[in-house]
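For the sequence shown, full-length UniProt numbering begins at 100 and goes up steadily by one. The C-beta atom is built at its ideal place from N, Cα and C for all residues, glycine as well.
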Amino acid sequence: PKEIFLKDYKLPDYYFETVDLGFALGEEKTLVNSKITVSPRVEGSSSPLVLDGHDLKLLSIKINGNGLKDADFQVDSRHLTILSPPSGAFTLEIITEIYPQKNTSLDGLYKSTGNFCTQCEAEGFRKITFFQDRPDIMAKYTCRIEADKSLYPVLLSNGNLLEQGELDGGKHYALWEDPFKKPCYLFALVAGQLESRDDTFVTRSGRNVQLRIWTPAEDLSKTAHAMYSLKAAMKWDEDVFGLEYDLDLFNIVAVPDFNMGAMENKSLNIFNSKLVLASPETATDADYAAILGVIGHEYLFILEHGTILNKNTCRVTCRDWFQLSLKEGLTVFRDQEFSSDLGSRPVKRIADVSKLRNYQFPQDAGPMAHPVRPHSYIKMDNFYTGQFFCLVYEKGAEVVRMYKTLLGTQGFRKGMDLYFKRHDGQAVTCEDFFAAMRDANGADFANFLSWYSQAGTPTVKVASSYNAEAKTFSLKFSQEVPLTPGQPIKEPMFIPVALGLLDSSGKDLPLTSFFHDGMLQSISSNGEPVYSTVLRVTKKEEEFIFSDITEKPVPSLFRGYSAPIRLEADLSEADLFFLLAHDSDEFNRWEAGQLLARNLMLTLVADFQQNKPLVLNPKFVQGLKSILTDSSLDKEFIAKAITLPGEGEIMDMMKIADPDAVHAVRSFIRKQLAAELRAELLNTVKNNSSSEAYEFNHPNMARRALKNIALAYLASLQDEESAALALNEYKSATNMTDQFAALAAIAQNPGKTRDEVLADFYSKWQDNFLVVNKWFSLQAWADIPGNVENVRNLLNHPAFDLRNPNKVYALIGGFAGSPVNFHAKDGSGYKFLGEMVVQLDKINPQVASRMVSAFSRWRRYDETRQNLAKAQLEMIVSANGLSENVFEIASKSLA
Ligand code: B3K
């Protein structure tokens, strides 16, 4: 397989101006007719035109209406090369035959449950027709679709419907036109038996936009929340960024077979059904929140699709796929902000940072570590795969967030406005975004760009000291960027540190100035002191000395998690308890609690490994008790604050990850907390139960979150009263959030009740594939001994199907993420996954490469586990006909 490098980027030799596509959709094969107007980048040049193509049968090729002779072109398994095209502009017409019914990779044009649909990002368009399949080729498209009318009554593509009509032989057609230029990865087509929920959004300039969400008829009733989310996102982007949708129609289609969450095709978003369909009875609060976030995410790509800002159109895309974070990082940041504004900001931040710690940190410290903008790849799809997407998406969003932290809301908006103004209609790079932020604000961003080029999560150490006589408080920062594959030398990063200093009563001290680099810098605003500020740490070591600090403070560092780093501050246990109780930054209150919990867990893990008895620090119990019983706090915040750090997070902090010890310790602490806080937890369940109709809003979700975590704690006690309580909650639940939480609480404990309730749940929901997937993943993830056998049996369950990604992610992915059974010391878990990867790779390489990524951190474990996992990776790499997707991850993991 060939590795592709960022440094080798070259401008295309040819541009495409217009692309007219014709699809004749059939049951055996589909004919694709593509007519492209081509112009050379450099007038007069006639270098070969190289088109990408994969799994295509070429039927004919013409230039300016004349068929090409065999000697005029070459075709191999990946390319079609036109050896000497005419100089000057010309028309290229290509007819290909493709087989969507056989396309199980779900990339390109394929059939999902009887309907045709497409997925073109990143490189799926080349499976539809020969094309320069790269994002810097932006063209205007039309798309004519022809198909059997009774089988495919609905025919959709991007843009506006120009024409539709009947054809002979029971067929019909539709002609769509997208008036604006776009890269081919945003092309989409859908044909099938679908019905739509229709609505209208009136834009701020008073235009009516038709909104349609398409699903099979029986699911239509479950699209109300998706429609609410879409309208909310449209309104939010107008209010916050001044961005208005630029077409008159916006379609969303839900399909059950989809590799990832959704795809932002221009005006025809295609979604995994999981992220569209919701009703209180079938979807949990987490599902509702995910739908809001992902509908928001796909809509908020309108920067790439096209949007109107101050009456000007804006359309900016990535120059090449290395710049993926330019759109994904920015859009994740924007969807995080959207969800924060619609729900609770601190709670959303906590959830996002937990995700970083559990997924981004380990990946950034593993063999696949790569910068936010990677330097090379074998298979682009792998940047969206499993957990690796975190480095482009989530860490990329943190980079965007740092601009905002440094510039403030208005400065950030100025930067965005300049970015659109400068780059409408262009395919650009991360430097262009950086330059727009800098120039719009006349800002000095020092070495900020290294966030795009250096991999690894920096560790920042902070030492503080107070001088009572001088009334100064010093903070000494030192940073270390870890070495990562291919990057033996690291430069210091530009790290924004948002902070406040707490006085002994827990209030923020006024801040007026600090000494830094031999200069006194004022930080008051209009002569008034501030209570929180942002320091710019840019060197390996540097000191900031705050003046006029009247008492020894407790610093609250990296408020709101102002940079994606690992912090090692010299805060004592007492300081952390103090911050947990008082910090005005809610995120940092949570953070202090997590730090205490992490330290506690690591200490107990060491005790466990040395066979010492486990004892829970009473101060920790007391700290959590005061949070649990503080009625002034947001309930979802309480739920997050009493949740222990994940096992992955703790293992990531250990020299040799020990899944058994970490699991035993986490279970011990949960059980111990449940025993000591039993009365409070029971009260929490009682006071937060409600039989009112389900509502998706923050107070209600927060109430359910708190009640359900209390229930889970209690059920870990395995006593009769808690078991009865959980069973009662299960039986009386009126929505899926409560029902599934009760089921999960019960399913912690092996035994008859567990088996009966699991069977009951399946029989209730067997007709709803999304709910059945929850049932699969709950069992896959279970820590009951020898669970690999149950999971193997479930592969044969009638509801399971290896060709459906959601089912694979639920059962096989669920197992690969399970805390103990995947890492079973007898190797049974690794063996199971190894076998599945090889099988899946033949069906769908993208899904298989997600699964194989669970092995990537094998070196973190003890020798026995290392050998077992390595053997599976070696077996996978040597498998016949392995895809590039799996090869890249497996071979880099072994390197
Ligand atoms: N941009 C798409 C993901 C495409 C994945 C390609 N294998 C949607 C998203 O980021 O949500």
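Closer than 7 Å: is that where the CB of residue i sits relative to any heavy atom of ligand 1?
i    : result
E363 : yes
G360 : yes
Y483 : yes
Y356 : Looking at the sequence itself, residue 356 is Asp, so the reference to Tyr does not match. Every heavy atom of ligand 1 is 7 Å or more from the Cβ of D356, so no.
A221 : yes
H396 : yes
E196 : no
E493 : no
E427 : yes
D480 : yes
Would you please state the rounded distance, in angstroms, between the beta carbons of residue i and residue j? I believe it to be under 8 Å.
i           : j    : result
R296        : L319 : 6 Å
L367        : I390 : Not quite, the Cβ-Cβ distance comes to about 18 Å (not below 8 Å), so this is no contact.
L342        : V289 : Between V289 and L342 the Cβ distance is about 26 Å, and since that is not below 8 Å, they are no contact.
Q459        : E427 : At roughly 13 Å, the Cβ-Cβ gap does not stay under 8 Å, so Q459 and E427 are not in contact.
V636        : V580 : So it is not a contact: roughly 13 Å between Cβ atoms.
S443        : H797 : 5 Å
F421        : P473 : 6 Å
L910        : L893 : 6 Å
D684        : G605 : At roughly 12 Å, the Cβ-Cβ gap does not stay under 8 Å, so D684 and G605 are not in contact.
I312        : A325 : 6 Å
M618        : L701 : No, M618 and L701 are not in contact; Cβ-Cβ is about 40 Å, not under 8 Å.
E591        : I664 : The sequence given here has Pro at residue 591, not Glu. About 12 Å; that fails the 8 Å criterion.
S204        : N943 : 5 Å
Q231        : D151 : 7 Å
A953        : S982 : A953 to S982, Cβ: 17 Å. No contact.
T649        : P628 : Actually they do not touch by this definition, with Cβ atoms about 12 Å apart.
residue 997 : A554 : Look at the range of the chain in this structure, 100 to 994, and you will see that residue 997 is not part of it.
A526        : R418 : 4 Å
What does DSSP give as the partner residues of residue i in its beta bridges?
i          : result
T322       : T322 pairs with nothing; no bridge assigned.
E222       : The partner list for E222 (beta bridge, DSSP) is empty, contrary to what the question assumes.
C417       : V527
S295       : W313
M753       : Bridge partners of M753: none, in fact.
F104       : S475
N350       : R311 and L367
E343       : I407
G121       : N132 and R243
residue 65 : In this structure the chain extends from 100 to 994, so residue 65 is not present and cannot be described.
A361       : F370
T412       : I407
L288       : S256
Can we count residue i as close to ligand 2, meaning its CB is less than 7 Å from some heavy atom?
i    : result
T702 : For ligand 2, the structure offers nothing, since it holds only ligand 1.
Would a check of beta-carbon distances place residue i closer than 8 Å to chain D?
i    : result
A832 : Of the protein chains in the structure, only one exists, and it is not chain D.
Alpha helix (DSSP H) runs contained entirely in the stretch 818-847, provided each spans 4 or more residues: Scanning the stretch 818-847 for uninterrupted alpha helix (DSSP H) segments of 4 residues or longer gives 819-831 and 835-846, listed from N- to C-terminal end.
Could you name each continuous alpha helix (DSSP H) segment of 4 residues or more that falls completely within the stretch 608-694, going from the start of the chain to the end? 672-681
Entirely enclosed beta strand (DSSP E) segments - the stretch 525-608, minimum 3 residues: 525-527, 558-566, 571-579 and 594-601
In chain order, which continuous runs of the alpha helix (DSSP H) of length 4 or greater are located wholly inside the UniProt domain "Aminopeptidase N-like N-terminal" (127-285)? none
Kindly provide the ranges of any beta strand (DSSP E) runs that are 3 or more residues long and lie completely inside the stretch 414-501, ordered along the chain. 415-417
Could you tell me which whole alpha helix (DSSP H) segments of length 4 or greater appear in the stretch 895-938? 904-907
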